[in-house]
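Right, one structure below, let's go through it.
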Amino acid sequence: MAKTIAEQASDLRMSTFRLARRLRAERADDELSDGQLSVLFGLRATGAHTLSELAEREHVSAPSMNRTVNCLEEAGYLTRVPDATDKRKAHISLTDAGTGLVKDTVKKRDAWLHNQFRALDHADREILAQAADLMRRLATQ
5 MAKTIAEQAS DLRMSTFRLA RRLRAERADD ELSDGQLSVL FGLRATGAHT
55 LSELAEREHV SAPSMNRTVN CLEEAGYLTR VPDATDKRKA HISLTDAGTG
105 LVKDTVKKRD AWLHNQFRAL DHADREILAQ AADLMRRLAT Q
């Protein structure tokens, strides 16, 4: 018997979640949490932010984000530059080490996925390529 649309949607959700979790396991620094890596990846993608902007983007409280930023700053992955007009604010951005960590993590994740794709036959790779396009469209609706 064919699955309902609801069952298909649930299967896709769970499969996507499992693949994302597996990809997140591939990282250049095993000591960092997913939340810390999310901050680094976000800064790489969008540039410097204030603490409150980071907290809002990551959907956490300012004190929680401050602890995350402090840890990443101590590890040498990001830096705070005081705002030129408002000394209470600081702009948080990646250091070269932070940028390198993000790049190395992306390389590890891509390499893992590349190896998984190599184990598939051509037809399955084509199906996944089509699925990636469909998932990208779904994510933007």
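Note that our numbering has the sequence shown beginning at 5, numbered continuously upward. Just so you know, even glycine gets a beta-carbon here, dropped at the ideal spot from N, CA and C. If you're wondering where the values come from, they're calculated on a predicted model, not measured in any experiment.
State yes or no: is the C-beta of residue i within less than 7 Å of the C-beta of residue j?
{"i": "residue 56", "j": "residue 49", "result": "no"}
{"i": "residue 136", "j": "residue 95", "result": "no"}
{"i": "residue 26", "j": "residue 38", "result": "no"}
{"i": "residue 98", "j": "residue 47", "result": "yes"}
Identify, in the order they occur along the chain, each residue of the same chain with its Cβ nearer than 7 Å to the Cβ of residue i, setting aside the five sequence neighbours on each side.
{"i": "residue 105", "result": "32, 33, 44, 81"}
{"i": "residue 40", "result": "72, 75, 76"}
{"i": "residue 129", "result": "121"}
{"i": "residue 83", "result": "77, 97, 99"}
Identify, in the order they occur along the chain, each residue of the same chain with its Cβ nearer than 8 Å to the Cβ of residue i, setting aside the five sequence neighbours on each side.
{"i": "residue 7", "result": "15"}
{"i": "residue 132", "result": "121, 124"}
{"i": "residue 42", "result": "62"}
{"i": "residue 108", "result": "32"}
{"i": "residue 20", "result": "139"}
{"i": "residue 103", "result": "48"}
If you drop the 5 nearest sequence neighbours on each side, which residues of the same chain put their C-beta closer than 6 Å to that of residue i?
{"i": "residue 4", "result": "The structure shown does not extend to residue 4, since the chain is modelled only from 5 to 145, so the question has no answer here."}
{"i": "residue 116", "result": "30"}
{"i": "residue 54", "result": "93"}
{"i": "residue 101", "result": "80, 81"}
Write down the C-beta distance between residue i and residue j rounded to the nearest angstrom, noting that I regard them as a contact closer than 8 Å.
{"i": "residue 79", "j": "residue 69", "result": "In fact, because the Cβ distance is near 16 Å, the residues do not count as touching under 8 Å."}
Taking three-plus beta-carbon pairs below 8 Å as touching, is the stretch 95 to 114 in contact with the stretch 31 to 48? yes
Inside the stretch 87 to 133 only - alpha helix (DSSP H) runs reaching at least 4 residues: 100 to 122
Segments of 3+ residues assigned as beta strand (DSSP E) that fall wholly inside the stretch 27 to 94: 82 to 86
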